[in-house]
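Trainee:
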Amino acid sequence: MRINHAVGRPGPLSDRQSEIQALAEQALAIVADRIIAKSRPSDETYVRDLCNAFLHPNKTHQQIVLSRMSACGISSPVIYEKYLPAVAHLLGERWVRDEITFVDVTKGSHRLQDVMRVYGREYVKSGNAVQNDHTAYMCVPDFENHSVGVFMAANQLRRMGVWVQLGIGVGATDIIEAARRHDFSMIGISAASNKSVAPICGLVDKLRSSLAGPTKIVIGGNIVNCGVDLLHETGADLVTCNIRDAALHCGMIRCLKSAGAT
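Each residue of the sequence shown is one higher than the one before, starting from 0 at the first, in our numbering.
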C-alpha cells in the first residue's frame, strides 16, 4: 500500500503561538549574544596582540589582528580612538620594563604611526562635521619625543570640522610664526612627563609675550597626570586630555554640535 504524505502550508499562528515564538526567538538571541561575548577576546588581549604584531618581523601579522578585530564587529573609528592609543601606551610600558629594546619600540612605533595614518583618514571621514572658521595649532615641542597623542587629538578636531595645523619638534619661534600667519582659536601643546614642566612654563611665557588676540593655550598629554598644578605653574588657559573640553573652552561650540559629540 502506498501512503501519500500531503504537506501543506502551515496555518496562521494563534496569538498565543505568536507570543511563544517571539519569546523563543528572543531567548535564542540572548544565548547567541552570550556565546559571542564569551568567545570574543578581551580588550587587553586585542591590545597585547596588536602590540606583538607591530613588533613582529612580518608586517602581515598586524593586518591579521586588525582584520580579526573588524570581523568581530569593532569599527575602524573605535580601533583608532580606543585600541591604537592603548598599544602606544603598552609599547612605552614594555620599554620602561626592559621587555623590549629601543630599536624594538622605535620599529613598533613607526608601524603604529603608519596604521594610525590610514585609520586616521577614515576616522576623520566618518565624522559628520561641516568645516567652519575655527583653526587650531597642535604641536609637540622640541624638548619632547612623541607624536601619537597629538596626531590623535588633531584628527579628533578635524572630525569636528576644525582646520588643524600640526607641528612636531617645534620651538617657540616656529609656533609664533605659525600663529602670526593664522588666527588660531587654540594652540595645543602636548607633553609627556613632569620633566617638561619647566620648559613648558618658559614656552608659554614666550607665547604670551609675543602673541596678541584671543588665542587660547591648552596643555595636554601624559603630563596632565604628573601631580603638578600645571594651570597655576604654566599660566595656560586650560590643562586637559579631553579634546572636546578643549574645543568647548576655546569657543569651538559649532564644531561640537556638528560632530554630534561622538
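Cβ atoms here follow ideal geometry from the backbone N, Cα and C, with glycine treated the same way. It should be emphasised that the depicted structure is a prediction, and the values quoted were computed from it without experimental measurement.
Using DSSP's beta-bridge definition, name the partner residues of Pro-76.
Mentor: Beta-bridge pairing links Pro-76 to no other residue.
Trainee: For Ala-31, does the count of other Cβ atoms within 10 angstroms reach 16, so buried, or fall short, so exposed?
Mentor: In this prediction, Ala-31 has a pLDDT of 49, which is less than 50 and means its spatial position is unreliable; nothing more can be read from the coordinates.
Trainee: On the DSSP bridge assignment, give the partners of Ser-189 in chain order.
Mentor: Paired residue(s): Gly-219.
Trainee: Using the Cβ count rule (16 or more neighbours within 10 Å means buried), how would you classify Gln-155?
Mentor: Buried, because 16 or more other Cβ atoms sit within 10 Å of the Cβ of Gln-155.
Trainee: Residue range of the alpha helix (DSSP H) that Ile-242 falls in?
Mentor: First-last of the alpha helix (DSSP H) with Ile-242: 242-248.
Trainee: Anyone know if the C-beta pair for Leu-90 and Val-114 falls short of 8 Å?
Mentor: Their beta carbons are not under 8 Å apart, which means Leu-90 does not touch Val-114 by this criterion.
Trainee: Give me the Cβ distance between Thr-233 and Cys-200, rounded to the nearest whole Å; I'm assuming they're in contact under 8 Å.
Mentor: Contact flag correct, Cβ pair sits at about 5 Å.
Trainee: Measuring alpha carbon to alpha carbon, tell me which residue in Met-137, Tyr-45, Leu-230 is nearest Gly-267.
Mentor: With the chain covering only 0 through 261, there is no way to say anything about residue 267.
Trainee: Here's the rule I'm using: 16 or more other beta-carbon atoms within 10 Å means buried, otherwise exposed. How should Pro-140 be labelled?
Mentor: That one is buried.
Trainee: Would you mind giving the Cβ-Cβ distance between Trp-94 and Val-104, rounded to the nearest angstrom? I have them listed as a contact below 8 Å.
Mentor: About 4 Å; that satisfies the 8 Å criterion.
Trainee: Buried or exposed for Gln-61, going by 16 or more other Cβ atoms inside 10 Å?
Mentor: Looking at its Cβ environment, which holds 16 or more other Cβ atoms inside 10 Å, Gln-61 is buried.
Trainee: Does the Cβ of His-109 have 16 or more other Cβ atoms within 10 Å, making it buried, or fewer, making it exposed?
Mentor: His-109 should be labelled exposed.
Trainee: Who pairs with Leu-165 in a beta bridge, going by DSSP?
Mentor: Beta-bridge pairing links Leu-165 to Met-137.
Trainee: Taking the alpha-carbon positions, what's the Pro-76 to Cys-225 distance?
Mentor: The alpha-carbon atoms of Pro-76 and Cys-225 are separated by roughly 29 Å.
Trainee: Note down the Cα distance separating Ala-191 from Gly-219, rounded to an integer number of angstroms.
Mentor: The straight-line gap from Cα to Cα measures roughly 9 Å.
Trainee: Within the same chain, show all residues whose beta-carbon is closer than 6 Å to that of Thr-59, passing over the 5 residues directly before and after it, in chain order.
Mentor: There are no such residues.
Trainee: Measuring only the C-alpha atoms, how far is Ala-153 from Glu-98?
Mentor: Approximately 31 Å, taken between the alpha carbons.
Trainee: Which residues in the same chain have their Cβ closer than 6 Å to the Cβ of Ser-125, if we skip the five residues on either side of it in sequence?
Mentor: Here the set comprises Pro-76.
Trainee: Can you tell which of Lys-81, His-55, Cys-50, Glu-92 has its C-alpha closest to the C-alpha of Met-151?
Mentor: Nearest C-alpha to Met-151: Lys-81.
Trainee: Under three-state DSSP, which class holds Met-251?
Mentor: In this structure, Met-251 counts as coil in the three-state DSSP scheme.
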